[in-house]
Amino acid sequence: MRTAIVVSLLTVFTAGCAGSNPIPLAAAPAPLSDESLGLAKGSVFDVPTPPAVKANDSAPGELPVLPRAYRIAPPRIPHAVGDFLPITRSQNACLDCHGVKEASKGEPTPIPSSHYTDSRHAPDRAGSQVVGARHVCVSCHIARTDAPDLVENRFRR
-1 MRTAIVVSLL TVFTAGCAGS NPIPLAAAPA PLSDESLGLA KGSVFDVPTP
49 PAVKANDSAP GELPVLPRAY RIAPPRIPHA VGDFLPITRS QNACLDCHGV
99 KEASKGEPTP IPSSHYTDSR HAPDRAGSQV VGARHVCVSC HIARTDAPDL
149 VENRFRR
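In terms of the working numbering, the sequence shown is numbered consecutively and its last residue is 155.
Shown next, in the form of structure tokens:
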């Protein structure tokens, strides 16, 4: 009995599908060209060579501090960092200059109090040393270069 019901349902289903009209090819949307698929101009199969970028080789204090990209963005590093690398928990030359508590005119920008606060284990109090996750400065702060924007950016603060 069960087999007869299944067979009759399959017969009705296949008959209904066979009687339906397929979508004509003219109604199908036109395919997109590979030139229109991305932000870059040109084919998605092209491998563009990015423009050469000159690394910043200025000394600390030589160039002005750059404006932030948006309100809570980490500030960009206005000087070369090549001599300070690698920046690790045990070797951090950034702290030599920026590890001061108070800002003075013409002096390096002090590390903010948020970097002394352990957000996971003690979010309500600031410690006396930079928290472990904040030791590798270049995780968030990037060095200044002369790199042009790769795509147009209309973001406004």
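Idealized CB from N, CA, C, for every residue including glycine.
Note that this is a predicted model, so its numbers are computed, not measured.
Counting of Cβ neighbours within 10 angstroms places F153 among the exposed residues, the total staying below 16. Following the DSSP letters along the chain, one finds D94 in no beta strand (DSSP E) but inside the alpha helix (DSSP H) bounded by residues C92 to H96. Taking R66 as reference, the option from K52, T1 and R74 with the minimal CA-CA separation is R74.
Following the DSSP letters along the chain, one finds P121 inside the beta strand (DSSP E) bounded by residues A120 to A124. In the three-state reduction of the DSSP assignment, A67 falls in the coil class. With a cutoff of 7 Å on beta-carbon distance, V129 and D116 are scored as near each other. Between P108 and C92, the alpha-carbon positions lie close to 10 Å from each other. Note that the C-beta distance between R132 and P76 is not below 7 Å. When the five nearest sequence neighbours on each side are left out, the beta carbons in the same chain lying within less than 8 Å of the beta carbon of D81 are those of A91, in order along the chain. The C-beta of H113 has 16 or more other C-beta atoms within 10 Å across all chains shown, which makes the residue buried.
When the five nearest sequence neighbours on each side are left out, the beta carbons in the same chain lying within less than 8 Å of the beta carbon of L37 are those of V149, in order along the chain.
Cβ contact annotation for S41 (same chain, cutoff 6 Å, sequence separation greater than five): D32 and E33, in chain order.
In this structure S111 is not in contact with A120, their Cβ atoms being roughly 13 Å apart against a cut-off of 8 Å. D116 sits in a strand when the DSSP states are folded into three classes. By the neighbour-count criterion, in which 16 or more other beta carbons inside 10 Å mark a residue as buried, V79 falls on the buried side.
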